[in-house]
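Input: a single structure, listed below in structure tokens.
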Amino acid sequence: MNKEISKIKLGNETSSGRLKLLCVIVNREKAEFYIDLVSGFEVNLQAAMLARGTANTEMLNLLGLDGNEKAVILGVIREDRTEAALDALKSKFETIKNGKGIAFTVPLTSTIGVAVYRFLANNRGGSQWNTATK
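Residue 133 is where the sequence shown ends in numbering that gives the first Met the number 0, and the numbering goes up by one at each step.
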């Protein structure tokens with residue numbers, strides 16, 4: 000498989016063709032805040048799941064974490080927005096009370112269909128959806 004991803008012309012814009020899966024793990028009561036924060040980085044698709052950590056109280060105290068009731072937020076983000084999103088998350092993790100968390104990305108190597116790619120990359124310019132015509 001060719002390692003170099005060519006630029007794809009979509010609508011009026013050109014995209015690098017690279018997407019990443021953004022994973023954010025935070026305290027459950029802060030999940031909605033972080034979902035809203037991540038949305039500001041053109042993340043069109045997010046899924047939030049409730050989770051429970053397995054660390055004991057001693058380990059939680061050692062890591063400076065509160066409780067083990069967590070939320071895992073997954074979203075698809077364009078590569079060019081990744082650094083800004085991770086920087087914003089890091090800043091919030093350090094400044095919000097009980098707002099600590101973990102965030103990382105995983106590269107996505109392919110998507111099925113141009114329409115799906117356009118949606119995930121927040122680049123729907125020039126596409127026409129099925130509309131009723133007379």
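Don't be surprised by glycine CBs; every beta carbon is placed ideally from N, CA and C.
Going by other Cβ atoms of all chains shown within 10 Å of its Cβ, with 16 needed for buried, is residue i buried or exposed?
i	result
residue 42	buried
residue 63	exposed
residue 54	exposed
residue 83	exposed
residue 122	buried
residue 25	buried
residue 88	buried
residue 105	exposed
Give every residue of the same chain whose Cβ lies closer than 8 Å to the Cβ of residue i, excluding the five residues on either side of it in the sequence, and list them in chain order.
i	result
residue 110	18, 116, 119
residue 51	67, 68, 69
Suppose the cutoff is 7 Å on Cβ atoms and the five residues either side in sequence are ignored; what does the same chain contact list for residue i look like?
i	result
residue 74	21, 37, 42, 44, 45
residue 91	36, 98
Any idea which residues DSSP pairs residue i with across the strands?
i	result
residue 122	None, per the DSSP bridge assignment.
residue 30	None; residue 30 has no bridge partner.
residue 25	70, 100
residue 105	20
Using C-beta distances below 6 Å, list every residue in its chain close to residue i, excluding the 5 sequence neighbours before and after it, in chain order.
i	result
residue 113	none
residue 81	19, 104
Along the chain, which unbroken stretches of the alpha helix (DSSP H) at least 4 residues long are found entirely within the region 39-98? 56-62, 78-94
Three or more C-beta pairs closer than 8 Å, one from the region 24-31 and one from the region 83-99: is that the case here? yes
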